[in-house]
Amino acid sequence: MAGALSSLKVVEIGELASAPYASKLMADMGAEVIKIERPGVGDRARTRGPFPGGTPHPEKSGLFLYLNANKLGITLDIARPEGMELLERLVAETDVLIHNVWPPEMDRVGLSFDRLGKINPRLVMTSITPYGLTGPKRNLRAEELTIWSAGGVCVLNGAGPEHPELPPLKTFGNQAGYQGGVHGAVATMGAVLAAMRDGEGQHIDVSCQEAIASQLEMTFEYWPYMKMIATRLGKKPLQPVESMQCKDGGWIYLCCIEEHQWKAFVDLMGNPEWAGEEIFADRLKRGENWEALKIFLEEYVSQQTVLDLYKKAQARRIPFAPVSTMGDLLNSEHLKARGFFVEIAHPVAGAFKYPGAPLKYSATPWELRMPAPTLGQHNQEILGGRLGLSAARLGELKRTGVI
Amino acid sequence: MARPPLDGVRIADFTWVWAGPYCTLQLAHLGADVIRIETKTRPCVTRLLPPWPGGQPGGLNRSGYFNQYNQGKRSLTLNFKDPEAHEIARRLIAKSDVVVNNFAHGVMDRMGFGYEAVRKIRPDIIMASLTGYGDTGPYRDYIAYGPAQVPLSGLSALTGYRGWPPMHAGFSYADPNAGVHGAFAILAALFHRAKTGQGQYIDMSQWECAMDLLAEGLLEYTMNGREPERAGNEDPWMAPHGIYRCLDRPEPVMGVTVDQWVAIAIADDAEFARFAAAIGQPGLASDARFAAFAARKAHEEELNRLISAWTAPRHADDAARTLQQAGLAAAVVADSRYLAEEDEHINGRDYFVRLEHPEVGTQQHCGMPWKYSWTTTSVRTAAPCIGQHTDEILSGLLGYSVDDVSRLRSQGALE
């Protein structure tokens, strides 16, 4: 059985995480994705690692290899007229074009739906950009840190009220990029379904800032509804919802949101006398008196091991979780049983384990078909084989730096 | 403008709290008829949570949390203690394309709406379960609460100030992340069904969806056998790269002073030269400590002190604008008020939605993070009051007579 999207054709012009993650989601479900990189340098993710042995190498970046498995890779300078002409020929035969070319760069090279939609009226073109394609911040330079901050989540994270001097804290990795990517994939699939029905494609403008702001839980609404601002410095209203260190050096996240969970935890601790104190009588009081409660809980938790406390708590329906290290995840018996991690062997980088399917379909597989392309690996196959360029023409394009 | 992409697609929405409702919110944005199956006997917890208008709780329809993530949906109340409620749900499933839930593993089976039961009602149904741990594996019956899924995923171990314990993301990030991945999975399954006529079951683990976002950390471990160090707001390939204190907000909010910060990321040496000029210290660009990336990285603390001295007497908006005008990546660390009122960009893009709601009036809510050029996608209605659409769904869609409805109501099946 082929993947759910095995009849879908996608062209990606992507750097770092956002557009590459959107097309990765599709490639892993069987879509054919042709990734276009800049000749010579390639996707910036190639420079960011992690690298085996810590030594940078454009074919060995973990981030690049993860995001671009299952894709065909070609090089093309779309700023050159010959490059744009080849892009137009690829677009004529695709269902979807996903890119995260920076808006001023789109203007400079003439990458627009006005142009490409004329070539292929069924084309769905998705532009995933930091701030979207309209508005006064359209052309601003942006990086992961500034987009995550502009989206309104960064302000929520960091040390609590005891350390107001410490800054709001970025969440690890490329989260703004991933969220722009997955929201962009949703919007793209909606338009693909509409194009199947209507025979007409369209242009989608996805803002990473807005993708993040869409996930502010209740904190955004605190302003319009109550004129309150949530930040990292607010005291948590109910407790315990905190990490604590165990005797094996690992950390566990204590989480008693419902009253019955707290009662079950008290029982698990052997019903110590302090737990009967009036100052711990309900979750709000436990929040108010957290400094006192913390001392008692730390004493108990510091005598436990992470895995044992986790399993004992879960057996009583208390939703504790370990603060997983990377080693914990790779060695998790649960994730092994589900086959989450997959090994990808790459001709230059070697074979490593990577995160696998975020979901399992009953009828159509999530599938690993090939490792990420080396820079320009499929130039011959796509530009020569599919578009019919002669060897002489390919040589000329290479000499002039178009591919 | 043309019909919305999912016009005519119906979602039987058994979700609650955040992950599931965030999933079906995406489908509602795209035009699906999303019918939330709720009960007054055990309402969605978000209906009971703040914020409430003016800080006043009361009833089940005033929560800004619920009203954010259920825009554009309809609400049907059913009390499954009554056997006839099951029949109503079966009739609804027969008229639906997709069934979604985010209960713990096994709950839908026990309710009589597991995949095998549901596909007997409608063979080409698509069913998605967004559980905490997935439907297989030794921990499949473990329970998952939003805040605990962030540390479970590995993100906490990777996030934190240098030398500090693991931190959090500051919100239950794994929930909306699973929701939006679920929406993508359902759309891909709809595509497959449109091509082949075949429905299917989708087993999603919130935990696994979150681990797809930390490949850099996992690969440091699988490639080099070591746990990555937590490094605050630093970046291995950029310096300066941090969040710097600015002047506090001019007025306190609810009697509390609110601090403000600016995020700055300088990608290379050429940008650093522009940065040095923009902060009025062009000499830094030729200073041996800072001119080249490796030197800046080695002197990052010193550099951060210099930058903080520049940002401290400035408003965050002014500091960000000065750097933005020099073509550099800088942004105010936005809080809710900044987004709601002060960020002229996001307010100028019609991102926010203000629709009339019978109990909370017209409130400002977050809308869709995308714009289509041609097809209509929009937030069509404010979130439903509990059971608001029960009668119209029963009589309009499922063929119950007015008498049936009043009988069902009086026997408590519609609680």
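Chains Y and B, in that order, are what the protein sequence lines are. Counting with my numbering, you get residues 1 to 403 for the letters of the first sequence. Counting with my numbering, you get residues 404 to 818 for the letters of the second sequence. All residues carry an ideal CB built from backbone N, CA and C; glycine is no exception.
Does any C-beta atom of chain Y lie closer than 8 Å to the C-beta of residue i?
i: ILE646/B; result: yes
i: ALA722/B; result: no
i: GLU759/B; result: no
i: VAL736/B; result: yes
i: PHE594/B; result: yes
i: TRP419/B; result: no
i: SER781/B; result: no
i: GLY656/B; result: The displayed chain sequence assigns Val, not Gly, to residue 656/B. Interface residue, yes.
i: ASP615/B; result: yes
i: ASN636/B; result: yes
i: LEU433/B; result: yes
i: MET511/B; result: no
Taking the alpha carbon of residue i as the point to measure from, which residue in the options has its own alpha carbon closest?
i: GLY360/B; options: ALA321/Y, ALA142/Y, THR126/Y and LYS294/Y; result: The displayed coordinates of chain B run from 404 to 818. Any statement about residue 360/B would go beyond what the structure contains.
i: LEU16/Y; options: LEU5/Y, SER6/Y, GLY53/Y and GLY62/Y; result: GLY62/Y
i: LYS71/Y; options: ILE34/Y, THR364/Y and LYS227/Y; result: ILE34/Y
i: VAL448/B; options: GLN459/B, GLY434/B and ASN470/B; result: ASN470/B
i: TYR775/B; options: GLN239/Y, THR188/Y and LEU368/Y; result: THR188/Y
i: ASP524/B; options: GLY566/B, GLU703/B, LEU495/B and GLU705/B; result: A small fix is needed here, since residue 524/B is Ile in this sequence, not Asp. Minimum Cα distance to ILE524/B is reached at LEU495/B.
i: ALA786/B; options: ALA586/B, ARG692/B and LEU479/B; result: LEU479/B
i: ALA22/Y; options: THR129/Y, ASN331/Y and ARG115/Y; result: THR129/Y
i: LEU811/B; options: TRP421/B, GLU490/B and LEU463/B; result: GLU490/B
i: ASP753/B; options: ARG316/Y, PHE280/Y, THR134/Y and ALA185/Y; result: THR134/Y
i: TYR472/B; options: LEU801/B, GLU759/B, THR793/B and VAL782/B; result: VAL782/B
i: LEU558/B; options: ASP544/B, GLY683/B and ASN580/B; result: ASN580/B
i: LEU193/Y; options: ALA435/B, ILE796/B and ALA679/B; result: ALA435/B
Just the C-alpha distance for residue i and residue j, rounded to the nearest angstrom, thanks.
i: LEU8/Y; j: TYR518/B; result: 27 Å
i: ALA666/B; j: GLY151/Y; result: 12 Å
i: VAL510/B; j: VAL306/Y; result: 28 Å
i: ARG477/B; j: GLU37/Y; result: 45 Å
i: ILE318/Y; j: ASP198/Y; result: 50 Å
i: VAL501/B; j: MET196/Y; result: 19 Å
i: ALA191/Y; j: ALA597/B; result: 14 Å
i: ILE529/B; j: VAL553/B; result: 28 Å
i: ILE546/B; j: PHE506/B; result: 9 Å
i: GLU93/Y; j: ASN120/Y; result: 8 Å
i: GLY173/Y; j: ASP806/B; result: 58 Å
i: GLY40/Y; j: GLY423/B; result: 44 Å
i: LEU86/Y; j: PHE483/B; result: 59 Å
i: ASP416/B; j: VAL348/Y; result: 47 Å
i: GLU654/B; j: GLY234/Y; result: 18 Å
i: ALA842/B; j: GLU745/B; result: It is not possible to answer for residue 842/B, since the shown part of chain B is limited to 404 through 818.
i: SER149/Y; j: ALA230/Y; result: 14 Å
i: GLY462/B; j: GLY790/B; result: 13 Å
i: ILE13/Y; j: ALA19/Y; result: 7 Å
i: ASP527/B; j: GLU144/Y; result: 41 Å
i: VAL583/B; j: TYR361/Y; result: 16 Å
i: GLN304/Y; j: GLY54/Y; result: 35 Å
i: CYS256/Y; j: VAL323/Y; result: 16 Å
i: ALA2/Y; j: VAL96/Y; result: 19 Å
Would you please verify whether the beta carbon of residue i is less than 8 Å from any beta carbon of chain B?
i: VAL342/Y; result: no
i: MET106/Y; result: no
i: LEU359/Y; result: yes
i: SER302/Y; result: no
i: ARG141/Y; result: yes
i: ASP205/Y; result: yes
i: TRP183/Y; result: Reading the sequence as shown, one finds His at residue 183/Y and not Trp. Yes, because at least one Cβ of chain B sits closer than 8 Å to the Cβ of HIS183/Y.
i: GLY54/Y; result: yes
i: SER115/Y; result: For the sequence presented, residue 115/Y should be read as Arg rather than Ser. Answer no: the Cβ-Cβ gap between ARG115/Y and chain B never drops below 8 Å.
Whole runs of the beta strand (DSSP E) within the segment 119–178 of chain Y, excluding any shorter than 3 residues: 124–129
Start-end ranges of the alpha helix (DSSP H) lying completely within the segment 491–544 of chain B, minimum 4 residues: Counting only runs of 4 or more residues that sit fully inside the segment 491–544 of chain B, the alpha helix (DSSP H) segments are 510–514 and 518–524, in chain order.
Contained alpha helix (DSSP H) runs [length at least 4] in the segment 559–616 of chain B, N- to C-terminal order: Scanning the segment 559–616 of chain B from its first residue to its last, the whole alpha helix (DSSP H) runs of 4-plus residues come out as 577–599 and 609–614.
Sufficient close CB pairs (3 or more, under 8 Å) joining the segment 735–752 of chain B to the segment 209–223 of chain Y: yes
Complete beta strand (DSSP E) runs within the segment 642–666 of chain B (minimum length 3 residues, chain order): 644–648
Contiguous alpha helix (DSSP H) assignments of at least 4 residues, all confined to the segment 292–362 of chain Y: 306–315, 326–330 and 333–338
Complete beta strand (DSSP E) runs within the segment 747–797 of chain B (minimum length 3 residues, chain order): 756–760, 764–768 and 773–775
Ranges of the beta strand (DSSP E) found wholly within the segment 68–110 of chain Y, counting only runs of at least 3: 71–75 and 96–99
Contact between the segment 662–677 of chain B and the segment 240–253 of chain Y (3+ Cβ pairs under 8 Å): no
Meets three-Cβ-pair contact criterion under 8 Å: the segment 680–694 of chain B and the segment 619–631 of chain B: no
Any 3 or more C-beta pairs closer than 8 Å across the segment 92–107 of chain Y and the segment 710–724 of chain B: no
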